[in-house]
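Take a look at the structure below.
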Amino acid sequence: MSEEELRKQWRQSRDSQSRDTLTGSEAETITRSKRKTALTRLAERYARFSNLAFIFALVSPVWIANPEVGGRHKSIIIICMMIYFIICGAIDRHICHKVRAINVFEMPTSEVIARAMKCRLLHLKSMAFIIPLAITLIVLFSWSNSWNPYMNIGIISGALIGAAIGTIQFRRFMRDYRDMKE
C-alpha cells in the first residue's frame with residue numbers, strides 16, 4: 000500500500016467516524032456507568048489511600064493514651080507518625096488530581112498515555128521517598144519499645160503484613176497503569 004492510499008483511507012475513516020462521535024452527554028453517560036476504566040480505578044484508589052492516610056494522621060495522637068508505647072519518646076514518635084501520614088495523604092491526593100485531569104474524550108491518545116506515564120513515574124518516585132521514611136518510623140518505634148519483646152514482635156509482624164498488603168496494592172496500581180498504556 001502506498002503512502003497516498005494510506006492517507007486516503009485515513010481520511011475516509013476519519014470522515015466516517017465524524018458521524019459517530021459522542022456528544023458531551025453521551026460521553027458522560029458512558030463515564031458514569033457502572034463499568035470502571037483503569038483511569039477511574041486509579042483515581043478512586045488514590046483518593047481512598049489519601050483519605051485513609053489523613054484519617055490515620057488524625058487518629059495517631061490516640062497512642063498517647065497507651066502506656067506501653069514509646070516511653071520517653073512517645074510525643075516525638077506520634078508527631079513523626081502524623082507527619083508521615085500527612086505526607087502520604089498529600090502525595091496521593093496530588094497524584095489523584097493529576098489522574099483525574101486526564102480527559103480521554105478531549106485529549107489525543109498520545110497525551111493520555113504520556114500523562115499516565117508521568118503519574119506512574121511520580122508514583123514510583125514518591126514510593127522511593129516514602130518507603131525509607133516508613134522504615135525509619137518503624138525502626139524508631141521499635142527502638143523506643145526495645146524493652147518490650149512482645150511489642151517488637153507485634154511491630155515486626157505488622158511490618159511484614161504491611162509489606163505484603165503494600166506489594167499487592169502496588170501490583171494493582173501498576174496493572175491499571177499498564178492497562179492504560181495498552
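Letter 66 of the sequence shown, counting from 1, is numbered 65 in numbering that gives the first Met the number 0, and no numbers are missing. For each residue, glycine too, the CB sits at the ideal point set by N, CA and C. Fair warning: this is a prediction, and the values are worked out from it, not measured in the lab.
Which first and last residues belong to the alpha helix (DSSP H) in which residue i is found?
i: HIS93; result: 73 to 99
i: PRO148; result: 148 to 180
i: TRP142; result: 108 to 143
i: ILE54; result: 37 to 58
By a C-beta neighbour count over all protein chains shown, 10 Å radius and 16 as the cutoff for buried, is residue i buried or exposed?
i: SER156; result: exposed
i: ARG18; result: Because the pLDDT of ARG18 is 49, which lies under 50, any placement of that residue in the model is unreliable, and the question is left without a value.
i: PHE128; result: exposed
i: GLN16; result: Any answer about GLN16 is weak, because its pLDDT of 48 lies below 50 and its placement is not dependable; what the coordinates show is given next. By the 10 Å Cβ count, GLN16 comes out exposed.
i: PHE169; result: exposed
i: ASN144; result: buried
i: LEU38; result: buried
i: ALA163; result: exposed
Pop quiz: residue i and residue j are said to be a contact at Cβ under 8 Å. What is the actual Cβ separation, rounded to whole angstroms?
i: LEU41; j: VAL98; result: 5 Å
Taking C-beta to C-beta, are residue i and residue j nearer than 8 Å?
i: LEU121; j: ILE94; result: yes
i: ASN147; j: GLU67; result: yes
i: ASP91; j: SER49; result: yes
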